[in-house]
Structure formats: C-alpha cells, structure tokens
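*Asks:* Mind looking over this structure? Questions follow.
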Amino acid sequence: MLPEQPDILWTFVTIIFSLFSLFVFANVIQHCRTKAGANTTLWGAVFGTGLIINLLLTNHMFDLNQQEQLGFISWQVMAVFLTLLTWGVFFKGEQIEDQSPPLIRAAFFYSTISILLAGYTNWLPQQRSDPPPKAAPVDVSNLTMEKYVEIGDVIVFGKERVAGSKAIGKGQCPLCHTFDPGDNIGRCPNLFGVEERSHTRVKEDRYLNEPIKVGETDGATGIVKGKADQIPEDYRRNDPSEFTGEDYLRESLMCPSCYVVKGYGKDGDTKSPMPVISKPPISLGKFELNAVIAWLQAKDTPGEFGAVTIPLPGPDDIGGGEKKEEKEEGEGPLFVTGAEPIDVMINKLGCPLCHTIPGIEGATGELGPKLHEKINAPKRIKDPNYKGTAKSGRDYVRESILNPNAYIVFNEEAGEPYPEGVMPQDFANKLSVNALDKLVDFISNTQPEG
Ligand code: HEC
Ligand code: HEC
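Residue numbers (our numbering): 1277 to 1726.
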C-alpha cells in the first residue's frame, strides 16, 4: 500500500523542475537583453508562461499523495520537455545557436533525471510493499480460558457464521473436517471426540510404529515424532517431560504425516493429505495454534474447560510461526470479486489445500484430483458414467466448481472414486460472475508442467 502522504523524492523533483524553468526564463531574458532586435516581450511571455505552468504543477504536486504524484509527474515531465524544445527554438530563431551550451547541459540534466526516475520507480515496489503494521495484538493480561477458546473458534470458523454456507476461518479446518457426531463427509476424520482420542492414540501400537517410529524424524516437516522435548522451540511447552494428548493434537497440526488416521491417508496410510497448519498457506503462529488446540480440547464440553491443558498465553507468546501474508480473519463471509490476481483468488478460496494446481505456487493439495483440466475435462465428458450437462471443457470446469457432485471423479491410483461431498458445495456464494469466469478460464487450461 502506498502511503497517504507526498513522497520526498517526487516533491524534490517537482521543485527542481520549477527551478529549472525559472533558470530557463532568466537565461532567455538575459540573451534577449544582450542581443539587439530580439523580441523580449514575445520570448518573455512564452517562457514566463512555461514558468507559471511549472509553478502551478509544482503547487498541485504538494496536494497529492505518493501514488497520485507518481501519475501526475508525467505531466510535469512533459511540460519540462516542451520548455526544453521551445528553448531550442529560441536559440535557433534568434540565430544564436553558438551560444546554446546550456541546451547540452539541459539535455544532460534531462537524461540524468530520467535515469534517476527510472531507477527510483524500479526500486519503489520493493520499498513500498512492506506489510502494513500489524493490528494491536490481543491483550493477554486479562485473557480467560473461555476467551482463548473462543479465539480458537474464530480461527476455525471465522468471525461470522453464515447460515446455509460452511463457515470457514483462517485455519480452514471445516473445509475438510466435520465436528458433530454422525456428520461424516468422507476423506477427513470427524473431529468429534478428538480430545478423548488424543490420550489413547499416543499409546497405540500403530501410533508408536507407523508410518514412522516414535523418535524418528518426519521428512516433510523435520519434526521428531512423539517426543515432547523435541517439539520446535517456538511451540514447546515449559515442562516437556512426557508426550501428552495436547502434544498429540499439536503434532497432528504441525506434522500431519507423523501419524495418519487409519483409512484417511495416501500411499497405504503413510502420507497425510492434511496441510501443515503452522506453515504456508495457513501459517498459524504459536498463539493461534495453541488457541486451536484449546478449542479442540474444549469443544465437546460446552462451557466446561476442564479438559484444556494448554496454558493461557503470556505476552511473549504472541506471534511466531511462518507468517506469509495476512489473511482476512473471518471479517465477514469470504467473497472474491475477480479483481484479484488469479493466484490470490485461488488461495483465498482454498483450492490449493485439496488440489495440486500447475501454475499456482505452493498448490500441492492431495485430497482431490490434480487439476490438469485441459486434458481431464474433455475426458470426463466422454466417460459413459458422466451424467452432468457440460458440452465443453470450460462447461465441465464450471460445473465442477458450482456443483461438484454432478460427477464424481474416479481416483485411478486408489482404485476407487474420490469421496463425494468433500469438495465444498457452496463456491457459487463466494464468487462474483467475473471471478467465476476468470477462475474457469484459468482452471480449464491447466495441464501437467514441463
Ligand atoms: C485439506 C484438508 C484438511 C484441512 C484443511 C485440515 N485437515 Fe485435519 N486432517 C485431514 C485429514 C485427511 C486427516 C487424516 C489424516 C491424518 O491423520 O493426518 C486429518 C487429521 C486431523 C487430526 C487428527 C485426528 C485424529 O482423529 O487423530 C486433527 C486433530 C486435525 N486433523 C485437526 C485439524 C485442524 C484443527 C485443522 C484446521 C486448523 C485441520 N485439521 C485442517 C485433512 C485436513
Ligand atoms: C476440501 C477439499 C477441496 C477443495 C477446497 C476444493 N476441491 Fe475441487 N475437488 C475435491 C475433490 C475430493 C474432488 C473429486 C471429487 C469430485 O469429483 O467431486 C474435486 C474435484 C474438482 C474438479 C474436477 C477435477 C477433474 O479432474 O475432473 C475441479 C475442476 C475442481 N475440483 C476444482 C476446484 C476449485 C477451482 C476449487 C477452489 C475454488 C476446489 N476445487 C476446491 C476437493 C476439493
């Protein structure tokens, strides 16, 4: 974001431009004085006007913020360039070209300024793209467990739960998980009762040995499985003596592949399709991650916080984690207008958490098919089992986004269909007409890289 004030360099340049036209004006008058027969009034008027225009432009520049200055400076560059040209005409018209070395100096002046401007403009975006200052952090001095759990709830579901649409917060958990008894959408475990499970899991044989043994390091995240004292320092508890249910939950979020719930993984349950919650794109810091764990521990016993073992955070616990960009934290329902760049749009909608999408950095999700729709879409329509209404690849992609259950893709690797109902059914509510067109354009042209 560009600041709301004028920029020092542009202000300096605009003053120099005015001084320069003053210099030209004085120079012309001086030449007119020394040369008999020169039309002082005419040239004085011409260059006087030039000077006044530049002064007015300079005056206006002071009222602009940096971004507006950036656009407006080109007018003044033009005015200065015209002054230069007219200056040349003056020397020529008065037949005193031989006295025009200032013109050479001027040309030098002009190109120097141009180079400076070009350099500065190049440097500008890097300098100006500093993230905006962070909003004041939560006041931890009077935080109660009830409030902390509520912060976790907002990270999971967002600030405003909207009727009829899956509410999803920064943590993106409801994209995949359900939380109420009996509510099952297939490929991701229902998180009802996970607090209770967390205590027994860590003693199971399967936990101790699969897919890696306790004490071994997970290749993808570098996290040592099942060792409370080896949890990355940023996230470690104060007394890491034994591996508790809390640690299991933390590990589930920070190292999903350390233990894969039976039947929910890839490659024979050795690899979890769940994103690492402390890394991009979700990137929860310690404060947030612990709030989510506190919420997981408390959610099955409303109003009761006895099961929560997470300590209340202190002032030092705010922040941490790999912060990428600041996400909107459930400030109202998620909606993309189509004005966003395509990668921003796709990341906002959460597609990369489930899909690998060529051309979108970090889109390596594994819950759904790889999006190679330039090839896949025409193939799907020809499938005898296809019951949708699409006639073209673009139609098919549009249908897949608006009505994912119109056709359920068969997972060749697993030898079974992808689970129905995992892909959110409510993208129609989250996309403007333009955004949908833009998304369909992009997705229908995806193909394997290389
Ligand atoms: C892209 C889909 C996806 C997202 C988003 C996701 N998960 Fe998961 N999660 C899974 C899958 C699949 C599993 C099962 C495989 C495994 O054990 O890692 C799982 C497993 C878990 C487990 C272990 C459950 C058990 O019974 O032991 C917990 C706890 C969990 N997720 C919590 C969360 C939380 C909290 C969030 C949000 C911050 C979240 N997940 C976001 C897909 C997802
Ligand atoms: C929670 C996980 C999840 C999210 C988020 C998700 N999808 Fe899907 N998607 C799936 C699954 C699972 C399938 C396969 C089952 C089916 O056909 O419905 C699928 C299928 C598709 C297909 C059909 C692919 C083919 O090869 O036929 C397209 C296209 C698609 N998704 C696009 C998107 C787009 C675009 C987004 C973001 C706006 C998105 N998905 C978000 C899980 C997800």
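Just so you know, even glycine gets a beta-carbon here, dropped at the ideal spot from N, CA and C.
#1: Would you mind working out which of 1464, 1660, 1671 sits nearest residue 1727, comparing C-alpha positions?
#2: Would residue 1371 be called buried (16 or more neighbouring beta carbons within 10 Å of its own) or exposed?
#3: For residue 1625, does the three-state DSSP call read helix, strand or coil?
#4: Using C-beta distances below 8 Å, list every residue in its chain close to residue 1472, excluding the 5 sequence neighbours before and after it, in chain order.
#5: Rounded C-beta distance between residue 1721 and residue 1650? I'm assuming under 8 Å.
#6: Could you check if residue 1345 is buried or exposed, using at least 16 other CB atoms within 10 Å of its CB as the buried criterion?
#7: Count the other CB atoms, across all protein chains shown, that sit within 10 Å of the CB of residue 1631; report buried if there are 16 or more and exposed otherwise.
#8: Looking at the unbroken alpha helix (DSSP H) that takes in residue 1531, where does it start and where does it end?
#9: Output needed for residue 1646: all residues of its chain with C-beta closer than 6 Å, excluding positions within five of it in sequence on either side, in chain order.
#10: For residue 1243, which three-state DSSP category applies?
#11: Here's the rule I'm using: 16 or more other beta-carbon atoms within 10 Å means buried, otherwise exposed. How should residue 1422 be labelled?
#12: Residue 1359 to residue 1286, Cα distance in whole Å?
#13: Mind pulling the alpha helix (DSSP H) runs of 4 or more residues that sit fully within the segment 1558 to 1591?
#14: At a cut-off of 7 Å, is residue 1453 close to ligand 1 when judged by its beta-carbon and the heavy atoms of the ligand?
#15: Check whether the Cβ of residue 1630 lies closer than 7 Å to any heavy atom of ligand 1, and answer yes or no.
#16: Is the number of C-beta pairs between the segment 1519 to 1529 and the segment 1495 to 1507 that are closer than 8 Å three or more?
#17: With three or more beta-carbon pairs closer than 8 Å as the criterion, would you say the segment 1671 to 1680 touches the segment 1699 to 1712?
#18: Are the CB atoms of residue 1684 and residue 1568 within a distance shorter than 8 Å?
#19: Got a sec, what are the start and stop residues for the alpha helix (DSSP H) residue 1366 sits in?
#20: Reducing DSSP to helix, strand and coil, say where residue 1658 ends up.
#21: Taking the C-alpha atoms as reference points, what is the distance between residue 1613 and residue 1708?
#22: For residue 1731, does the count of other Cβ atoms within 10 angstroms reach 16, so buried, or fall short, so exposed?
#23: With DSSP as the reference, please indicate the residues paired to residue 1686 in a beta bridge.
#24: Report the three-state DSSP secondary structure of residue 1467 (helix, strand or coil).
#25: Quick check on DSSP: helix, strand or coil for residue 1720?
#26: Count the other CB atoms within 10 Å of the CB of residue 1658; is the residue buried (16 or more) or exposed (fewer)?
#27: Going along the chain, which residues of its own chain have a beta-carbon closer than 7 Å to the beta-carbon of residue 1468, five neighbours each way excluded?
#28: Please state the DSSP three-state secondary structure of residue 1547.
#29: How many Å lie between residue 1624 and residue 1666 at the Cα?
#30: With a threshold of 7 Å (Cβ to nearest heavy atom), would residue 1670 be considered close to ligand 2?
#31: Check whether the segment 1286 to 1306 touches the segment 1325 to 1333, taking contact to mean three or more Cβ pairs, one atom from each stretch, closer than 8 Å.
#32: Residues in the same chain with beta-carbon distance under 7 Å from residue 1448, minus the five sequence neighbours each way, listed in chain order, please.
#33: With DSSP run on the structure shown, which of helix, strand or coil describes residue 1493?
#34: In the DSSP assignment, the alpha helix (DSSP H) including residue 1305 goes from what residue to what residue?
#35: Less than 7 Å separating the Cβ of residue 1463 from some heavy atom of ligand 1?
*Replies:* In this structure, then:
#1: The shown model of the chain, from 1277 to 1726, leaves out residue 1727, and the question about it has no answer.
#2: Sequence index remark: in the sequence shown, residue 1371 carries index 95 (1-based). Residue burial is scored here from C-beta neighbours: residue 1371 has fewer than 16 other C-beta atoms within 10 angstroms and is therefore classed as exposed.
#3: Here residue 1625 is taken as the residue at index 349 of the sequence shown, counted from 1. Looking at residue 1625 - three-state DSSP - the assignment turns out to be helix.
#4: On the sequence shown, residue 1472 is found 196 positions in, with the first residue counted as 1. Contacts found: 1576.
#5: For this step, residue 1721 is matched to residue 445 along the sequence shown. For this step, residue 1650 is matched to residue 374 along the sequence shown. Right, their Cβ atoms sit about 5 Å apart.
#6: By one-based count along the sequence shown, residue 1345 stands at place 69. Answer is buried; the Cβ neighbour count reaches 16.
#7: Within the sequence shown, the letter at position 355 stands for residue 1631. Taking every protein chain shown into account, the CB of residue 1631 has 16 or more other CB atoms within 10 angstroms, so this residue is buried.
#8: Taking the first residue of the sequence shown as 1, we reach residue 1531 at position 255. For residue 1531, there is no enclosing alpha helix (DSSP H), as DSSP marks it with neither H nor E.
#9: As a working note, residue 1646 is residue 370 in the sequence shown. Excluding sequence neighbours, residue 1646 sits near 1632.
#10: Outside the displayed span of the chain (1277 to 1726) sits residue 1243, for which this structure offers no information.
#11: Translated into the one-based positions of the sequence shown, residue 1422 becomes position 146. Exposed.
#12: Within the sequence shown, numbered from 1, the residue matching residue 1359 stands at position 83. Within the sequence shown, numbered from 1, the residue matching residue 1286 stands at position 10. Spanning the two alpha carbons is a distance of roughly 19 Å.
#13: Considered as a whole, the segment 1558 to 1591 harbours 1562 to 1574 as its complete alpha helix (DSSP H) runs of no fewer than 4 residues, in chain order.
#14: As a first step, residue 1453 must be located in the sequence shown, where it is residue number 177. Yes, Cβ of residue 1453 sits closer than 7 Å to a heavy atom of ligand 1.
#15: As a first step, residue 1630 is located in the sequence shown; it is residue number 354 there, counting from the start. At least one heavy atom of ligand 1 falls within 7 Å of the beta-carbon of residue 1630.
#16: Flag = yes, the segment 1519 to 1529 and the segment 1495 to 1507 touch.
#17: Enough Cβ pairs lie closer than 8 Å, so yes.
#18: Stepping through the sequence shown from its first residue, residue 1568 is reached at position 292. Stepping through the sequence shown from its first residue, residue 1684 is reached at position 408. Contact flag unset, no.
#19: Position 90 of the sequence shown, counted from the first residue, corresponds to residue 1366. 1342 to 1369 is the span of the alpha helix (DSSP H), which, as asked, contains residue 1366.
#20: Residue mapping note: residue 1658 aligns to position 382 of the sequence shown, counting from 1. Here residue 1658 sits in helix by DSSP.
#21: For the purposes of this step, residue 1613 is taken as the residue at position 337 of the sequence shown. For the purposes of this step, residue 1708 is taken as the residue at position 432 of the sequence shown. Roughly 5 Å separates the two Cα atoms.
#22: The structure shown has nothing for residue 1731, since the chain only spans 1277 to 1726.
#23: Residue mapping note: residue 1686 aligns to position 410 of the sequence shown, counting from 1. Looking at the DSSP assignment, residue 1686 forms a beta bridge with 1693.
#24: Taking the sequence shown and counting its residues from 1, the one referred to as residue 1467 is at position 191. Residue 1467 sits in coil when the DSSP states are folded into three classes, being neither helix nor strand.
#25: As a working mapping, residue 1720 is identified with position 444 in the sequence shown. Per DSSP, reduced to three states, the secondary structure at residue 1720 is coil, with no helix or strand assignment.
#26: The residue given as residue 1658 occupies position 382 in the sequence shown. With a threshold of 16 other beta carbon atoms within 10 Å, residue 1658 falls short and is exposed.
#27: Your numbering for residue 1468 matches position 192 in the sequence shown. Taken in chain order, the residues that qualify are 1455, 1456, 1457, 1576.
#28: Residue numbering aside, residue 1547 sits at position 271 when the sequence shown is read from its first letter. In the three-state reduction of the DSSP assignment, residue 1547 falls in the strand class.
#29: Here residue 1624 refers to the residue found at position 348 of the sequence shown. Here residue 1666 refers to the residue found at position 390 of the sequence shown. Roughly 26 Å separates the two Cα atoms.
#30: Working through the sequence shown from its first residue, we reach residue 1670 at position 394. Residue 1670 has its Cβ no nearer than 7 Å to any heavy atom of ligand 2.
#31: At 8 Å Cβ cutoff, the stretches touch.
#32: Along the sequence shown, read from residue 1 onward, the residue named residue 1448 stands at position 172. Within the same chain, residue 1448 has close Cβ partners 1558, 1626, 1629.
#33: Here residue 1493 refers to the residue found at position 217 when the sequence shown is read from its first residue. In this structure, residue 1493 counts as strand in the three-state DSSP scheme.
#34: As a working mapping, residue 1305 is identified with position 29 in the sequence shown. Segment 1284 to 1310, the alpha helix (DSSP H) holding residue 1305.
#35: The residue labelled residue 1463 in the question sits at position 187 within the sequence shown. Annotation for residue 1463 indicates a beta carbon within 7 Å of some heavy atom of ligand 1.
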